[in-house]
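As you go down the protein sequences, you meet chains A and B in turn.
The letter at position 231 of the first sequence is residue 230 when you use numbering that gives the first Met the number 0, and the numbering goes up by one with no holes.
The letter at position 577 of the second sequence is residue 576 when you use numbering that gives the first Met the number 0, and the numbering goes up by one with no holes.
Heads up, the beta-carbon is just placed ideally off N, CA and C, and yes, glycines get one too.
All of these numbers come straight from a predicted model, not from anything done at the bench.
Just below is one structure, and these are the notes that go with it.
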Amino acid sequence: MSWRRVNGGWGKVARLRAPVPAPLALLAACDGPQSVLAPAGPAAGRLTDLSWVLFIMGALVLALVAALLLYALFRRQRSPFPPTPEGDRRSTRWIVIGGVVFPGVVLSVLFLHVLQVERAAGRPADDPDLTIEVIGNQWWWGVRYLSREAHRVFETANEIHIPVGRPVRVRLVSRDVIHSFWVPRLQGKRDLIPGRVNETWIQADAPGVYRGQCAEYCGLQHANMALLVIAQPPAEFEAWYAQQLRPAAPPADSTARRGQAVFLESGCALCHAIRGTRAGGELGPDLTHLASRRTLAAGALPNTRGHLAGWIADPQTLKPGNLMPAVPLDAADLQALLRYLETLR
Amino acid sequence: MSTAPVIRPRDEEKAERFRKVWDSPRGIDGIIREINNIPVAHRYMASAFSFFLAAGLLALVMRTQLARPGSAVVDPETYNQLFTMHGTTMMFLFVIPFTEAVATYMLPLMLGTRDLPFPRLTALSLWTFIFGGLFIFSSFLFGAAPNGGWFAYVPLTNIEYSPGINMDFWDIGLSVAEIAAMGAAAEIMISVLRMRAPGMALHRIPMFAWAMLIVAVMIVFAFTPLIVGTLMLELDRKGLTAFFKPEAGGEPLLWQHLFWVFGHPEVYIMFIPAVGIVTHVVQAFARRPIVSYTLVVLALLATGFISFGLWVHHMFTTGLSPVAMGLFVAASFLIAIPNGIQVFSWIATLWTGRPVWRTPLLFVVGFIIIFVAGGLTGVMVGAMPFDAQVHDTYFVVAHFHYVLIGGVVFPLFAGLYYWLPKITGRLLDERLGKWNFWLMFISFNVAFFPMHVSGLLGMPRRVYTYPEELGVGSLNMVSTIGAYGFALGVALFLVNVVVSFWRGRPAGANPWDADTLEWSETSPPPNAQFERIPVVRSRHPMWEQDSLGPVDARTRKLLEPLDTAPTGWRGALVVSVLDGRPLALVHVPSPTIWPFVMSIGFVVLLAGALLDSLITLGVGAAITAVSTVGWFWPAKTERLAIEEIGTAAEADRLPLAVAGPLANGAWGTAVLIVVLLTALVTFITSYFYLGNGPFGWPPTAPDLRLPAIATVLAAAVAGAGFGLLRAARRVERKGARRLWTAAAMLLSATFTALSMVAYLGMSVSPSSSAYASALVGLLGFQWSVMVMVFVMMGVGAAWAWAAPRDPRGHGVAFNAALVALFSAASWAAVFVTLYVTPRLW
Chain A
0 MSWRRVNGGW GKVARLRAPV PAPLALLAAC DGPQSVLAPA GPAAGRLTDL SWVLFIMGAL
60 VLALVAALLL YALFRRQRSP FPPTPEGDRR STRWIVIGGV VFPGVVLSVL FLHVLQVERA
120 AGRPADDPDL TIEVIGNQWW WGVRYLSREA HRVFETANEI HIPVGRPVRV RLVSRDVIHS
180 FWVPRLQGKR DLIPGRVNET WIQADAPGVY RGQCAEYCGL QHANMALLVI AQPPAEFEAW
240 YAQQLRPAAP PADSTARRGQ AVFLESGCAL CHAIRGTRAG GELGPDLTHL ASRRTLAAGA
300 LPNTRGHLAG WIADPQTLKP GNLMPAVPLD AADLQALLRY LETLR
Chain B
0 MSTAPVIRPR DEEKAERFRK VWDSPRGIDG IIREINNIPV AHRYMASAFS FFLAAGLLAL
60 VMRTQLARPG SAVVDPETYN QLFTMHGTTM MFLFVIPFTE AVATYMLPLM LGTRDLPFPR
120 LTALSLWTFI FGGLFIFSSF LFGAAPNGGW FAYVPLTNIE YSPGINMDFW DIGLSVAEIA
180 AMGAAAEIMI SVLRMRAPGM ALHRIPMFAW AMLIVAVMIV FAFTPLIVGT LMLELDRKGL
240 TAFFKPEAGG EPLLWQHLFW VFGHPEVYIM FIPAVGIVTH VVQAFARRPI VSYTLVVLAL
300 LATGFISFGL WVHHMFTTGL SPVAMGLFVA ASFLIAIPNG IQVFSWIATL WTGRPVWRTP
360 LLFVVGFIII FVAGGLTGVM VGAMPFDAQV HDTYFVVAHF HYVLIGGVVF PLFAGLYYWL
420 PKITGRLLDE RLGKWNFWLM FISFNVAFFP MHVSGLLGMP RRVYTYPEEL GVGSLNMVST
480 IGAYGFALGV ALFLVNVVVS FWRGRPAGAN PWDADTLEWS ETSPPPNAQF ERIPVVRSRH
540 PMWEQDSLGP VDARTRKLLE PLDTAPTGWR GALVVSVLDG RPLALVHVPS PTIWPFVMSI
600 GFVVLLAGAL LDSLITLGVG AAITAVSTVG WFWPAKTERL AIEEIGTAAE ADRLPLAVAG
660 PLANGAWGTA VLIVVLLTAL VTFITSYFYL GNGPFGWPPT APDLRLPAIA TVLAAAVAGA
720 GFGLLRAARR VERKGARRLW TAAAMLLSAT FTALSMVAYL GMSVSPSSSA YASALVGLLG
780 FQWSVMVMVF VMMGVGAAWA WAAPRDPRGH GVAFNAALVA LFSAASWAAV FVTLYVTPRL
840 W
């Protein structure tokens, strides 16, 4: 088990018992980039602890019922037959105990525990001082860092950087259909609903990259709508933040300059914005610091020169149905454009 | 426990004539004129099972695609169509219709009667279901199968984001399931309440009948919001309204509420019949009555009731208020209790019985284990914080397949192994049956258990592929292998059925030595089912009664007209709801072509709505209208019945129920009114829900003058209704009937015209304002009700003039009066909502 933080007593119980029964051991071995069982923050930690409580309770009840059923079927010593009214009254008493009293008590206790977990996971201990707005689009995530000071607001896409150990408020809105924001190792999911503003919070306790994915079916490319949350030590985060605030640096060499011209004149700028240039399109992701990101097309591709070239040349093969049209460019223009985009750090 | 002897008729010649009346119609047109519950149920079961196989094949394609990360067996569009159609087909074209088909077959046999109360409705449901199912599947031919998921969340399914006709196929095609389910609900409810063997008091009806009664009531309350919701969606898609469009003040979440207020009870609508089936199998194979019948019935009632309070647990991640969420968590936990009672009752019954190992019992044992596992994960997903993690992941996919396959498909297979010998007259092979069970049980768990883990590892549902780095590749491979194994199990079942047709041992009347009435008849039973009406004195007549004949002279006398009779028409018995006292004879319609024609009319209407073609819509409406007239055209056999039996009750002679509260028609009208009331409540709730949004409304309180006059007219319609109720009681008061029906026609027409003028005077635009949509929704509902009053009163007036002495005219007048009273009450509610409340705050 790899989660770092265990909240309260339930976690200890879970840790002690989890490796024992076989299916649970199987689960415990499961460590993945989106694993609910490998929490990396206080909210997700609470939820994971609750999960283990539920799994253990469920396994015990299932074992109990199965044992009773099999015993009922195979026991040697049978009750008097045909059954007597006296015997049936006794059976009824057992039905009430097993079907009403037992689940009643267990579920009442569980209910109180669930409310407790909900309160703890629902809001952070300290009020967050950073608010990020996540904007759902078919099929990518707009990310806007909010601030009271207008000059400290900037936009990026599909990648959220947060400082380690600090709670971050996330405002959730949608520009088209319903999506759901879900980074399992940090927090449970919350929907992005057009016409509404939802809110959640995340916090990571260790530096790292936490993958998330849209969890509400949102159309053709729902499967390829991922995002990364990158938790950094505060100083590193501040540096990133400062860099993102800056407009794009002007192209330094002639190839990049040609690339910029291609960008502005071939239609890219109709949908994409690059701060510091005329490009102000809002339909697609903001590309001001594209080169600083790890993935392309909402997690569909790693951000390398080759993938970027392929994506620009033929986005419909790589992510069929996405809203980016293929841009017909000759080889030289494409190379120049790539050169330019690579400078957007 | 002795098997009750079946008394054979004495007068063979009379019996021959009696059987002939019930025989299936012959000739080529016989196929489409068939309305008797047994042959109709054969077709119903066969077609619903075909849809099960089709949906299963869709699932196999999906599992093939998902077997490896990043594979490209199908493209994303196809994949999205596959999962949408898989879910839609399993829910709407398999589970519900199949259960209804089993009930259509079994209920009259179990209750000791000869048919369902409305056989033409049975046939209409069947044909509509078959054509409608084919209509939805025909979308594959156009490459335009529905692709918005089986719960079709807006705005994704609205025209802006789903511009093709894919979702129109879904939305319009769904009306099929709605019509068929509603028809079956009315039928089942009235059948269980009124058409039982004498002596079968409420505390003696078989558990399956209890289950179906509860399900029928649930269908009325659950399907109505779905009908309203899909209507709103289709109107939105056609650009006529803006119920769900946020930019016009509409609310995407309203769809979710309407859908899940149907969708959650739906789960129990599918599951409760399974409880009934399982109870019968447990009783038959534990060789004893269920322990605590009363507790199980109460548990079913509680389940049905609580299931309407759970829908929000499908919406835990939408960000509603925490207090409301807490309540729904509590309700989700609460429903575990009635389910616990049922499970422990079965265990106690097996514990104290003498279990006999036959395939049906095997399936029941598999069911209990899988269902309990699914119920436990259900408690887990009901715990809101946990749900925040697993909602919309493969954990939930695993959960509901445990509940639906474990909780519904396994019991249905138990039921098939139990009842097919009754239906075909041949026993299924036990050895194949056991292989069948173990293959299905093991491969089910191989397929679906790993999905819990895939979900916990972060695999969302409805993704056409997943990256390798997610680490769920091998789990998915295992699931796929399990899915193929499960398909093999189903194939083995088909083999068993086919083989049993040729080589199965004859089943005899009661191969399991079971307890309920269906086992007193031959296998397969004749269309008429009971040549003599059985008399019930026990919950388990085949175990506890020496004879199924009447013991007292009066009952014998009362039932005499039904002993291998009537011979000129199809007759059955109605009894009192509580104690099963014989009340009257009823005329059961004979074979007719009109249900088939009407279903054709429906399909043409569907096509017209799909293609936006007014001509096609007109043709469909014309066919439907003609078939309605044909349907309600006075039947000769009913005339014969009235002459033979008469409508007056005497001391030792039962009357024929034709008009008024004794007739099944009035009960059907009552069900219709409950449906309308539910629709009204749905529209009013939607109005206030939308009005709560940020737009706030109405912009200005609508003018009161014309609506106030309309209110006076509605009150007058109610007055005419009351007058008609009084007049309908007496045959000789034809003058009063003519007056009141004509007055009600005039008043309802004037009301509708006036209210429409008032609406037009407001000059609002429903296509760009959710307020105007909600307004026109409510008014449109009211206008439809008034049109219904107008038509029914028209029929009543026709009878009053053409055949004033015919009691059937009184029946029509009585039913029309009931709807007229409802229309006035409904307007009162609409008036207060639209015109009074805006002036209050």
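Asked                                                                                                                           : Found
Straight-line Cα distance separating B/Thr646 from B/Tyr686                                                                     : 46 Å
C-beta neighbour in chain A for B/Val73, strict 8 Å                                                                             : no
Span separating the alpha-carbon of B/Ser783 from that of B/Gln255                                                              : 26 Å
Cβ of A/Arg170 within 8 Å of any chain B Cβ                                                                                     : no
Inter-stretch contact at 8 Å, needing at least 3 Cβ pairs: the stretch 207 to 225 of chain B / the stretch 95 to 107 of chain B : yes
Inside the stretch 531 to 613 of chain B only - beta strand (DSSP E) runs reaching at least 3 residues                          : 569 to 574, 581 to 587
Exposure of A/Leu111, with buried meaning 16 or more beta-carbon neighbours within 10 Å                                         : exposed
Host beta strand (DSSP E) of B/Arg504 (start-end)                                                                               : First-last for B/Arg504: undefined, no H or E at that position.
B/Thr316: contacting residues in chain A (beta-carbon distance under 7 Å)                                                       : Ser179, Lys188, Arg189, Asp190
C-beta neighbour in chain B for A/Pro324, strict 8 Å                                                                            : no
Cα-Cα separation, B/Ile592 to B/Ile31                                                                                           : 6 Å
Reference A/Met56, options B/Val378, B/Gly720, B/Leu469, closest by Cα                                                          : B/Val378
B/Leu232 vs B/Val280 beta-carbon contact at 8 Å                                                                                 : no
Any chain A beta carbon closer than 8 Å to B/Asp391                                                                             : yes
Minimum Cβ-Cβ distance from A/Leu300 to chain B less than 8 Å                                                                   : no
DSSP three-state assignment for A/Arg143, whether helix, strand or coil                                                         : strand
N- and C-terminal bounds of the beta strand (DSSP E) containing A/Ala230                                                        : 225 to 231
Under the three-state DSSP convention, the category A/His178 falls into                                                         : strand
7 Å Cβ cut-off: residues of chain A touching B/Leu375                                                                           : Gly57, Val60, Leu61
8 Å Cβ cutoff, A/His306 in contact with chain B                                                                                 : no
For A/Ala203, three-class secondary structure by DSSP                                                                           : coil
CB contact below 8 Å: B/Gly339 versus chain A                                                                                   : yes
Supposed contact pair B/Gly810 and B/Val858 - C-beta distance, whole angstroms, cut 8 Å                                         : Because residue 858 of chain B is not part of the residues shown, which for chain B are 0 to 840, the question remains open.
Neighbour flag for A/Leu333 against chain B, beta carbons, 8 Å                                                                  : no
Exposure of A/Leu145, with buried meaning 16 or more beta-carbon neighbours within 10 Å                                         : exposed
Within-8 Å CB hit, B/Glu186 to chain A                                                                                          : no
Beta-carbon proximity list for B/Val670, same chain, < 6 Å, skipping 5 on both sides                                            : Ala185
Cα-Cα separation between B/Arg838 and A/Asp285, rounded to whole angstroms                                                      : 49 Å
Beta-carbon separation (whole angstroms), B/Gly318 vs B/Val395, contact threshold 8 Å                                           : Not confirmed; about 19 Å, so no contact.
A/Leu129 (DSSP reduced to helix, strand or coil)                                                                                : strand
Identity of the residue in B/Tyr463, B/Leu817, B/Thr684, B/Leu140 nearest B/Thr740 by Cα                                        : B/Leu817
Below-8 Å beta-carbon distance, A/Leu295 vs any chain B residue                                                                 : no
Chain-order list of residues whose beta-carbon lies under 8 Å from that of B/Met450 (same chain, five-residue window excluded)  : Tyr393, Phe394, Val396, Ala397, His400, Leu474, Ser478
Distance, B/Ala285 Cα to B/Phe362 Cα                                                                                            : 14 Å
Any chain B beta carbon closer than 8 Å to A/Cys217                                                                             : yes
At least 3 beta-carbon pairs within less than 8 Å: the stretch 190 to 210 of chain B vs the stretch 137 to 156 of chain B       : no
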